[in-house]
Every structure is written in C-alpha cells, then in structure tokens.
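One structure is given below, encoded as structure tokens.
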Amino acid sequence: MSVAVIVPAAGRGERAGIDKVWAEVAGRPLLALVLERIRAVSSVERVVVVCPEARHEAVCRLASELGLGGVRCVPGGPRRRDSVAAGLEAVGGAEIVAVHDAARPLVSPRLIEAVIAAARRHGAATAAMPCVDTIKRVDGGMVVETLPREALVAVQTPQAFSTALLRRAHALRPAEDASDDCLLVEWLGEPVAVVPGEVGNRKITHPEDIRWLVDQLR
Numbered sequence: 041m042s043v044a045v046i047v048p049a050a051g052r053g054e055r056a057g058i059d060k061v062w063a064e065v066a067g068r069p070l071l072a073l074v075l076e077r078i079r080a081v082s083s084v085e086r087v088v089v090v091c092p093e094a095r096h097e098a099v100c101r102l103a104s105e106l107g108l109g110g111v112r113c114v115p116g117g118p119r120r121r122d123s124v125a126a127g128l129e130a131v132g133g134a135e136i137v138a139v140h141d142a143a144r145p146l147v148s149p150r151l152i153e154a155v156i157a158a159a160r161r162h163g164a165a166t167a168a169m170p171c172v173d174t175i176k177r178v179d180g181g182m183v184v185e186t187l188p189r190e191a192l193v194a195v196q197t198p199q200a201f202s203t204a205l206l207r208r209a210h211a212l213r214p215a216e217d218a219s220d221d222c223l224l225v226e227w228l229g230e231p232v233a234v235v236p237g238e239v240g241n242r243k244i245t246h247p248e249d250i251r252w253l254v255d256q257l258r
C-alpha cells in the first residue's frame with residue numbers, strides 16, 4: 041500500500057516565542073531534521089508540508105537541497121485539523137497517510153515505519169509513551185481527581201491511518217476542534233492501535249526545548 045506523510049507546519053510557535061519550524065539548529069532549520077528522517081523511510085512516496093504560502097518556496101528549496109522528491113506544499117488553516125484536512129487533499133492515491141508534527145524533529149525512521157505498519161494492520165495507529173508522572177484533574181486550581189497512571193499514555197506523532205478512514209473522520213463534526221487526528225477517529229468509534237514511542241521524540245514547544253535539541257545534536 042502506498043504511503044504519504046503530512047507534516048503540519050502552519051503553527052505560529054507562540055509558546056516558543058519564535059517560528060520554531062524554521063528555528064536554526066546546528067545551522068539548519070528544524071524542518072530539515074524532520075524531512076531527513078522521513079526521507080529515510082523507503083515506503084513513503086509523497087510528503088505534503090502544510091505551511092503558510094510565504095514559506096512554500098523555502099520548503100521546496102529545502103527539499104531540493106535534501107534530495108527529497110515528491111514533496112508538495114499546501115497552505116494551512118486556522119486550526120490543526122484544518123491544516124491536516126488540506127494536506128489530505130494533496131496525498132493523491134496514497135492508501136496510508138501518516139501525520140507527523142514538524143515540531144518533533146528527532147523522530148526515528150524506525151518509529152515512523154512501526155506506526156505505518158500498525159496502521160496497515162489496524163486502520164489507525166499512534167506512537168505513545170507510558171505516563172511516568174502522576175496525573176491529576178484540576179478545577180479552579182484545586183485537585184479534584186487522581187487518574188490511574190497505568191491506564192494512561194502520552195500520545196506523540198507520527199500517527200497513521202487508512203486514508204479512507206482519516207477522510208471519513210475529518211468529515212465528522214467539522215465545527216469541533218481536535219488536538220490530534222486520533223480523536224477524530226475515536227469519534228467515529230473506530231479503534232486506534234498504540235505503538236511504543238520514543239523518549240527522544242520530544243515536541244519542541246518552549247525555548248528550553250530548543251536548547252535541549254541543540255545538546256542532543258552535539
């Protein structure tokens with residue numbers, strides 16, 4: 041089954057205080073690290089980068105420098121789900137679609153392959169890590185409930201899906217936002233398989249995350 045990867049990169053990076061996807065790390069933008077890792081997955085035939093139109097030329101130039109063919113750029117939307125939906129329109133005849141955040145630059149090709157393989161078997165899959173901290177629900181600054189840690193995971197990307205399933209999921213509840221694509225699939229009542237994630241597959245969100253990334257690349 042042919043595979044495409046959608047890379048949402050249309051966010052403004054407000055928490056990091058910079059456009060983190062284009063932050064220079066070891067002399068290259070963060071997005072270059074992500075594209076290099078996707079390039080190493082032989083089953084991926086097409087990559088769709090969802091980003092502001094003003095960045096399209098820079099993305100195409102970066103893909104050319106990396107020797108990465110089959111890259112398309114499409115403009116994003118106001119919400120993450122809008123950006124992924126825009127990417128879905130550009131995946132062509134791919135039967136499996138993976139979605140990977142541009143802000144997770146140290147994902148391994150092995151993890152991408154594992155999530156894609158799980159999606160082939162189950163229809164939907166996500167990388168996730170066990171929760172190591174105690175999780176509490178809070179209301180008005182006060183703890184109201186402690187959740188069972190052993191039943192919780194911290195979800196990462198990549199997430200991968202049957203293309204037909206993801207399109208059905210995006211057509212459901214269009215007015216409601218969703219923090220990830222698995223939630224849309226859950227709303228359909230469809231199962232999502234969990235693949236063990238990676239500690240290094242950290243999301244770059246705050247300035248200290250960028251400092252951490254620089255240390256990892258030394």
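Under this note's numbering, think of the first position of the sequence shown as 41, with each following residue one higher.
C-beta: ideal position from N, C-alpha, C; glycine also.
Within the DSSP secondary-structure output, Ala200 pairs in a beta bridge with Ala138, Ala165.
In this structure, the beta-carbon distance from Leu106 to Leu75 falls below 8 Å. Secondary structure note for Glu185: its beta strand (DSSP E) is the uninterrupted segment 182–187. Using a Cβ-Cβ distance cut-off of 8 Å, the segment 103–117 and the segment 83–93 are in contact, since at least three pairs of beta carbons, one from each stretch, lie closer than that value. If you compare the alpha carbons of Gly181, Leu108, Val235, Glu230 with that of Met169, the shortest gap goes to Val235. Val254 and Leu73 have their C-alpha atoms roughly 12 Å apart.
Here the C-alpha atom of Ser219 lies approximately 14 Å from the C-alpha atom of Ala125. Glu230 is a Cβ neighbour of Ala164, given a cutoff of 8 Å.
Within the DSSP secondary-structure output, Cys113 pairs in a beta bridge with Val89. Per DSSP, the continuous alpha helix (DSSP H) segment holding Ala98 begins and ends at 96–105.
Counted as a single uninterrupted DSSP element, the beta strand (DSSP E) harbouring Arg177 occupies residues 175–179. A straight-line Cα-Cα distance of about 36 Å links Met41 and Asp249.
Annotated as proximal: Glu185 and Lys176, with beta-carbon spacing under 8 Å. The way I'd put it, the segment 151–166 doesn't touch the segment 58–73; fewer than three beta-carbon pairs between them come closer than 8 Å. Per the coordinates, the alpha-carbon of Arg119 lies some 27 Å from the alpha-carbon of Val65. No Cβ-Cβ contact shorter than 8 Å links Val84 with Val47. In the DSSP annotation of this structure, Ile244 is not part of any alpha helix (DSSP H), being labelled neither H nor E.
Linking Arg121 to Ala200 through their CA atoms gives a straight-line distance of about 14 Å.
Of the candidates Ala194, His210, Gly109, His210 places its Cα closest to the Cα of Val137.
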